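K.L.:
Numbering-wise, full-length UniProt numbering puts 137 at position 137 of the sequence shown, and it's gapless, one number per residue. Note that CB positions come from ideal geometry on N, CA and C, so glycine has one too. No experiment lies behind these values; they were computed from the predicted model shown.
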Amino acid sequence: MSNIIDKYSNIAPNINFLSDFVVLSQAWKKTQKYIRRHNWYADVLELDASTINLENNINKWSEKLQKNTFFPDKMKLVPAPKNSNWVFSTIEDTNHLPENLWHPKEPLNESEKSQKLRPLAHINIKDQTVATAAMLCLADSIETAQGPSEEVNFLEAQSKGIYSYGNRLHCSWIKMQGQHDKASYGWGNSLTYRKFYDDYRLFLSRPNKICQHYSTKLRSNERLHIISIDLKGFFNNIDRNSLILQLKKIYSNYLKTYNLGVEYNDDVKFWEALKKIFNWDWEVSNYNSLFMMEDLKDGLPQGLVAGGFFSNAYLIEFDQLVGNEINSNSMESIIIRDYCRYVDDIRIVVETTNSQDINKISDVICNYINACLKNYLNGIKAKKMLKVNDRKTKIISFDQMSTQNNISSLMTIFQGVLSGTPDVNSLQQIAGGLDNLLQISERILNIEENKGNKLLLSKVSTANIDVRDDTLKRFVATRIVKSLRYRRGMTDLHEKLGEEESLLEDVSSGQMLDHEYETTARKLIACWASNPSLTLLLKCGLDLYPNIELLETVIESLEHKLFPEPNSNLTEEEIKTIEYVVADILRAGAVEIGFRSENEYPSSVDIEAFRQELSAFAKRILVERAESPWYVKQQALLLLASVGDSFEIEDEKGVELYHLLHKVLLYKDIEVKNSQWLSIAFIAQQLHPNKKKFVHWFIRLLRKMDDKEQKKVIILLVQNRSDLAVEICKVRIARNSNWYQYVPAEIKDLTLTKVNLLENKEIPLLKLIQSNKNPFFQENALLLLIYKLLKIKGIENALNNGLTPRNIQIKCENWNEIQHLKFDNDNYLKITINKVEESGSTYAIPSWVKSNQAWLYGLGSILRACFTGENDFTASTFLSRECVGRYNGLRSTWYSRRLGLLNSAKGLSSTQDPITPWLSELLIRMLQWPGINLHGNLINDFYKIKNTSDLLELIIIRIKHQSKLFGKSTKTPVYVIPTINYQKNNLLFRVAIVQTLLPKVNDFNEKDPINWTQSYRARHRSHIASVCNIVRLQLKAWIEAQSLKESNVVDLIVFPELSIHPDDIWLLRRLSDSTKASIFAGMTFIHHESLKETVNQALWLLRSENSSGREFIEVRQGKYHMTAIEKTMGIKGHRPYQVLVEFKKGDNLSVHVAGSICFDATDLSLVADLREVSDIFVVAAMNKDVHTFDTMVGALHYHMYQPVILANSGEFGGSTAQAPYTKHDRLIAHVHGNNQIAVSVFEIDPTIFKTTIQPRLPVEIKTAPAGYNGRN
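(1) Leaving out five residues before and five after residue 958 in sequence, what residues of the same chain have Cβ atoms less than 8 Å from its Cβ?
(2) What number of angstroms, rounded off, separates the C-alpha of residue 94 from the C-alpha of residue 100?
(3) In the structure shown, what three-state DSSP assignment does residue 14 receive?
(4) Find out if the Cβ-Cβ distance for the pair residue 945, residue 992 is shorter than 9 Å.
(5) If you count every other CB in all the chains shown that lies within 10 Å of the CB of residue 176, and 16 or more means buried, which is it?
(6) Just checking my contact of residue 1154 with residue 1140 at CB under 8 Å: how many whole Å lie between their CB atoms?
(7) Could you compute how far the alpha carbon of residue 665 sits from the alpha carbon of residue 279?
(8) Excluding sequence positions up to five away, which residues of its chain have a Cβ less than 6 Å from the Cβ of residue 1269?
(9) Helix or strand or just coil, what does DSSP make of residue 1208?
(10) If you draw a straight line from the alpha carbon of residue 390 to that of residue 230, how long is it in whole angstroms?
(11) Looking at the structure shown, is residue 32 part of a helix, part of a strand, or coil, going by DSSP?
(12) In its own chain, which residues sit with a C-beta less than 8 Å from the C-beta of residue 248, not counting the 5 before and 5 after it?
(13) Would you please state the rounded distance, in angstroms, between the beta carbons of residue 366 and residue 163? I believe it to be under 8 Å.
(14) For residue 830, I'd like the list of residues in its chain whose CB is within less than 7 Å of its CB, leaving aside the five on either flank, ordered along the chain.
(15) What's the gap between the Cα of residue 628 and the Cα of residue 409?
(16) Hey, how far is the Cα of residue 678 from the Cα of residue 392?
(17) Does the stretch 623-637 come close enough to the stretch 584-600 that 3 or more CB-CB pairs lie under 8 Å?
(18) Hey, could you find the ends of the beta strand (DSSP E) residue 1154 is sitting in?
(19) Could you name the residues of the same chain whose beta carbon sits closer than 7 Å to that of residue 592, not counting the 5 residues immediately before and after it, in chain order?
(20) Which residue comes first and which comes last in the alpha helix (DSSP H) that contains residue 549?
(21) What beta strand (DSSP E) runs, 3 residues minimum, are completely inside the stretch 751-777?
(22) Determine the DSSP secondary structure at residue 1100, reduced to helix, strand or coil.
(23) For residue 869, count neighbouring C-beta atoms within 10 Å of its own C-beta (all shown protein chains included) and say buried if the count is 16 or more, exposed if not.
(24) Give every residue of the same chain whose Cβ lies closer than 8 Å to the Cβ of residue 482, excluding the five residues on either side of it in the sequence, and list them in chain order.
(25) For residue 173, report the span of its beta strand (DSSP E) as first-last.
(26) What does the alpha-carbon distance come out to for the pair residue 133 and residue 27?
(27) Would you mind listing the beta strand (DSSP E) stretches within the stretch 680-718 that are 3+ residues and don't spill past its ends, in chain order?
(28) So, for residue 35: in the same chain, excluding its five sequence neighbours on each side, which residues have a beta-carbon less than 6 Å away from its beta-carbon?
(29) Tell me the rounded alpha-carbon separation between residue 153 and residue 202.
(30) Assign residue 374 to one of three DSSP states: helix, strand, or coil.
(31) Could you pull the DSSP bridge partners for residue 1303 from this structure?
(32) Contact check, residue 331 vs residue 376 under 8 Å by CB: the rounded distance?
(33) Report the start-end ranges of each beta strand (DSSP E) in the stretch 1172-1217 that is 3 residues or longer and not cut off at the edges.
(34) If I'm right that residue 1231 touches residue 914 with Cβ under 8 Å, what's the distance once you round it to whole angstroms?
(35) Who are the Cβ neighbours of residue 1190 in its own chain at under 7 Å, not counting the five residues just before and after it?
(36) Just to confirm before moving on: does the CB-CB distance between residue 600 and residue 510 stay below 9 Å?
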């Protein structure tokens, strides 16, 4: 049971759901996110303009659906180039230039066009959203009919009827008794489709695995072949009416198969509305000679977010039809052993005899698929036919394929290196391999196989091209750029490559890397030039090396097409290809290219000059080329806006919003009748912030509005940019205006003086949480706040009526002890509630919450605000971003964030303070939104909460739990963070101690301990990368040597103090992915945002794995006791809490691990507190007195009666692990000597020290120390 009204427990193809406000809102979130990331063309300004006034927009769409008056707007055509081989003309006579210097290669078949175009549809956000909402209503039924594509046992997949891989929704799967698994799509989460690479990799590997299975059963005269088939014009030839009939049929079968209740029933109005939703048509002005009208009238638009889903539904029965023929003898001498499909790409495995000609086999199968398509489509009364594209059909024998190197296998290897623990050496090794793949991709279109020779030796060195050339090129481009950037971050750019008097004496590593950047960029751009449809390669090349000369070279060729000489004889397809390229590159100039930090680019690069050259190109298009299509003009104006070059355009058709953006950037008077102006104003402030100018401009516009409109605009401003609202309140003319009454009091309060934490003096909760002294970022203080609030008479009504942090006054006897959980002292913390005033709807209870549970949502809103430190409880930072000139847009609003609140540590805390899973689950349950499945099991009794008394009982139980953990000697809160570890069934706890050599003590500057030179940062990052790779390899060798089943698995890896820079945490994540480990690592000195001081902290990188994938939780562990050197450096002691990490072992056992930083381990109060709660004590150290710390570990392991593990810097050595065993067995690991890199791996069972009872073990343990009573 949850606080969500029962209506949303499931959704169905019913008009009430299709038109539902919440369903449409979630559809909008998924749609705009997908368009931004994946669509070939995205009008980002239109998406952002729909954001701020989203609630009003969705109400209008909902009303039209309910009244059956919804009709889609006309689609705009964006001709996008398909794959084509372009060539440069040879100049025989230097005095006579050819008319077309760069053009598509003439096809072998004269009837074909040399450059084909894809009719992309630009569908506005309204129509996209409604189509996605229809998809949400049908998701479970359609996905269930296809089965789980993540099944890796492909024979099992066959038996379950799983054939479809592309465009599959991200579902969880419910096991059903006697039926196939049932899909459950999280329509309320942020995910839409499964990741491309995951499903595509399975699709490519399936035929190979099936062949491997059957190859061992073949007779001497039998062979296996894999046939690749492409469906011609797939999306354009889908009959929409037949699609709707199939959707109805599949849903009807779904209801019957799973015997679902009446709440799942569909209705006629939904299907009538769907027919209207599918009634797309094109703007007449966009028709031209490129596409025949009849080819565009029907089919699914390419560019529709839900298009992939609906296209799968269209072929579900066809997949089953062909799948039923697997292993049958319906074709003489040919047996189909497998069939699978990725959108329009089909793979079929057949078994034949040696005597059959391979090309005839291909023809037979193609004819069979064509016949099946025809029978199927006739059966569903489709007016348009799908056919096999004979030109793209390929066949290869498994024998031949097994003698070749599969390109997909090489891709997997290179991806493994980059996503693993890459160091400089491994990155250099894959550089050549990636470059070779790029060369292979260039040759694919020109490969002429020797088909007449049957000897396998004739093809022994031929690579098996099992991926498309464009897919391969995109893969190589992104990976080769990523590998170069990794290497740059690990390279001392000033280091000389050669000794004196050598040829490389004056050449630095940076110069060599700069040269490699340039040559790689040129290769990528040359590769793009041979196939201009691959604009990703052009963007990768220019972002890698944004050099003005290189850009000029590209622009010259583009202008050759855009501004042609007379009689140039250019085809319209060529021009449209270049227009598409221009639009894409201009958009990239506004949102992608050139926005990295300066040291990530070669030293010779001048980013500003690059941007000005690109801007000049954009301006020339607008000024001199009036015939440019709307999408080119849009991106040209977007780029100019990003660089602050305002431009007045005469013809606004198709670029109205972009024209408005340029007027707003100049703070001109504009019409305010259209609500989109406010979104555009926010975007202008994101691009080029100037709050003072904005304030006076905004006030001037407010004067044009009536009272009703003024109030609406003020509320939208407060909800989405309260920082700007605060600035407005500071202006005298604003305070004297009538509309000032609509500004919420909490915004006005922000202009007042800062808060002081005085004892026994009332402070508004809002002021307190917005200060850097906010005590409620920790759970203990927050529990006390909840307890006191719930004790107040009438609190339920106050929460129902919109209680906000501003209405709450709080008084404390001693703020220094706020985390001590003095809940039974009535006088310690007192709370009073002022009159609840209208808060601009920020704390309004959403419509999806049950009326009798509204108070729970209201309380959750206040608690979340305590964490975010903002009046807006939905976000910790506002929409403004400080990357001036880069278009980031408006990705979310107060309204949309409520439908996707991230209540984990990542979403609540920017400083990695501990957010326990218990607290996170409490907030998730309080602030739940429809369409998500709750997986938490820490508060199972939440459904029993009916009133404040029930919740108070739950809070008291939690307070008592936290009180037991509280460190009474150190007066420090203790928080338990559980992790779901990989080898939970292994009772032994596996640890790796890592001893790094850098940094050394003298590498820190006493006056500036935080910052290093760029050269040293590169050296240090390279060192950490190499050490991470060593850990992975050593662990692998250790596992293999002992013949253990778990590959590369360890529970915990411990790094020394001050070993990891915050910018290099990604390397630890990669190490964790490779080893399945959680990690405890000392961080280099950092500046603490709240304290405004430099502190020493360690990082807990906690890895959990569950059915939805892996998750990282980052928690900081502070250091309180400073060494003499640290005091000299001005490092501030800061340990506001102690973290206790829980590892699950077996069914009922847990291992609790506590961590400490160096000198803190000598604090006897701390170890006294931990002895009763921790099972392993780990210490990250950078200590030169190895003998003293050796002695300390020897004493602590017995005093605490648990294993103690110390990772010391390799500069001093002495890393050790000791446990309370007798005699020499107590020493588990020890590294002798200094200036050493070392990795120690061992296993231990810490649970045997939980009790005072002596277990029977091969190794004898010591008797428990006096006063030790055991641990839970």
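P.N.:
Well, looking at it:
(1) Walking along the sequence shown from the start, residue 958 turns up at place 958. Counting only Cβ-Cβ distances below 8 Å, and skipping sequence neighbours, we find 783 and 918.
(2) Taking the first residue of the sequence shown as position 1, residue 94 is located at position 94. Taking the first residue of the sequence shown as position 1, residue 100 is located at position 100. Residue placement at residue 94 is poorly supported in this model, since its pLDDT is 44, which falls under 50; the coordinates still yield a value, given next. Residue 100 has its alpha-carbon roughly 14 Å from the corresponding atom of residue 94.
(3) Position 14 of the sequence shown, counted from the first residue, corresponds to residue 14. Here residue 14 sits in coil by DSSP.
(4) Numbered from its first residue, the sequence shown carries residue 945 at position 945. Numbered from its first residue, the sequence shown carries residue 992 at position 992. No, Cβ-Cβ distance for residue 945 and residue 992 is not below 9 Å.
(5) What you label residue 176 is simply residue 176 of the sequence shown in a count that begins at 1. It counts as exposed.
(6) As a first step, residue 1154 is located in the sequence shown; it is residue number 1154 there, counting from the start. As a first step, residue 1140 is located in the sequence shown; it is residue number 1140 there, counting from the start. At roughly 5 Å, the Cβ-Cβ gap stays under 8 Å, so residue 1154 and residue 1140 are in contact.
(7) Residue numbering aside, residue 665 sits at position 665 when the sequence shown is read from its first letter. Residue numbering aside, residue 279 sits at position 279 when the sequence shown is read from its first letter. Distance between the alpha carbons of residue 665 and residue 279: 38 Å.
(8) Indexing the sequence shown from 1 puts residue 1269 at position 1269. Closer than 6 Å at the Cβ level, and outside the excluded window around residue 1269, lies no residue.
(9) Taking the first residue of the sequence shown as position 1, residue 1208 is located at position 1208. DSSP places residue 1208 in strand when its eight states are reduced to three.
(10) Residue numbering aside, residue 390 sits at position 390 when the sequence shown is read from its first letter. Residue numbering aside, residue 230 sits at position 230 when the sequence shown is read from its first letter. One C-alpha to the other measures close to 8 Å.
(11) As a first step, residue 32 is located in the sequence shown; it is residue number 32 there, counting from the start. If DSSP states are grouped into helix, strand and coil, residue 32 belongs with the helices.
(12) Here residue 248 refers to the residue found at position 248 when the sequence shown is read from its first residue. Cβ-Cβ distances below 8 Å link residue 248 to 266 and 271 in the same chain, with the five nearest sequence neighbours on each side left out; the list follows chain order.
(13) Numbered from 1 along the sequence shown, position 366 holds the residue referred to as residue 366. Numbered from 1 along the sequence shown, position 163 holds the residue referred to as residue 163. Actually they are not in contact, since the Cβ atoms of residue 366 and residue 163 sit about 18 Å apart, beyond 8 Å.
(14) Sequence index remark: in the sequence shown, residue 830 carries index 830 (1-based). Hits under 7 Å: 811.
(15) Reading the sequence shown from its first residue, position 628 is the one you call residue 628. Reading the sequence shown from its first residue, position 409 is the one you call residue 409. C-alpha separation (whole angstroms): 43 Å.
(16) The residue you call residue 678 lines up with position 678 of the sequence shown. The residue you call residue 392 lines up with position 392 of the sequence shown. The straight-line gap from Cα to Cα measures roughly 50 Å.
(17) yes
(18) Residue numbering aside, residue 1154 sits at position 1154 when the sequence shown is read from its first letter. Where residue 1154 is concerned, the enclosing beta strand (DSSP E) stretches over 1149-1157.
(19) The residue you call residue 592 lines up with position 592 of the sequence shown. Only 539 and 543 meet the Cβ criterion.
(20) One-based indexing of the sequence shown puts residue 549 at position 549. Unbroken alpha helix (DSSP H) run through residue 549: 548-562.
(21) Whole beta strand (DSSP E) segments, 3+ residues: zero.
(22) For the purposes of this step, residue 1100 is taken as the residue at position 1100 of the sequence shown. Residue 1100 falls in the strand class under three-state DSSP.
(23) Along the sequence shown, one-based indexing puts residue 869 at 869. With 16 or more other Cβ atoms within 10 Å, it is buried.
(24) Stepping through the sequence shown from its first residue, residue 482 is reached at position 482. Once the five neighbours on either side are set aside, the close Cβ partners of residue 482 are 418.
(25) On the sequence shown, residue 173 is found 173 positions in, with the first residue counted as 1. Run containing residue 173: 171-174, per the beta strand (DSSP E) assignment.
(26) Working through the sequence shown from its first residue, we reach residue 133 at position 133. Working through the sequence shown from its first residue, we reach residue 27 at position 27. When rounded, the distance between both Cα atoms is 5 Å.
(27) none
(28) Within the sequence shown, numbered from 1, the residue matching residue 35 stands at position 35. The residues are 42.
(29) Along the sequence shown, read from residue 1 onward, the residue named residue 153 stands at position 153. Along the sequence shown, read from residue 1 onward, the residue named residue 202 stands at position 202. Each residue's Cα considered, the two are about 10 Å apart.
(30) Numbered from 1 along the sequence shown, position 374 holds the residue referred to as residue 374. If DSSP states are grouped into helix, strand and coil, residue 374 belongs with the helices.
(31) Since the first residue shown for the chain is 1 and the last is 1272, residue 1303 is missing from the structure and cannot be characterised.
(32) Residue mapping note: residue 331 aligns to position 331 of the sequence shown, counting from 1. Residue mapping note: residue 376 aligns to position 376 of the sequence shown, counting from 1. Between residue 376 and residue 331 the Cβ distance is about 17 Å, and since that is not below 8 Å, they are no contact.
(33) 1176-1181 and 1204-1208
(34) Reading the sequence shown from its first residue, position 1231 is the one you call residue 1231. Reading the sequence shown from its first residue, position 914 is the one you call residue 914. Actually they do not touch by this definition, with Cβ atoms about 31 Å apart.
(35) Start at 1 with the first residue of the sequence shown, and residue 1190 comes out as number 1190. The residues are 1214 and 1216.
(36) Residue numbering aside, residue 600 sits at position 600 when the sequence shown is read from its first letter. Residue numbering aside, residue 510 sits at position 510 when the sequence shown is read from its first letter. Their beta carbons are not under 9 Å apart, which means residue 600 does not touch residue 510 by this criterion.
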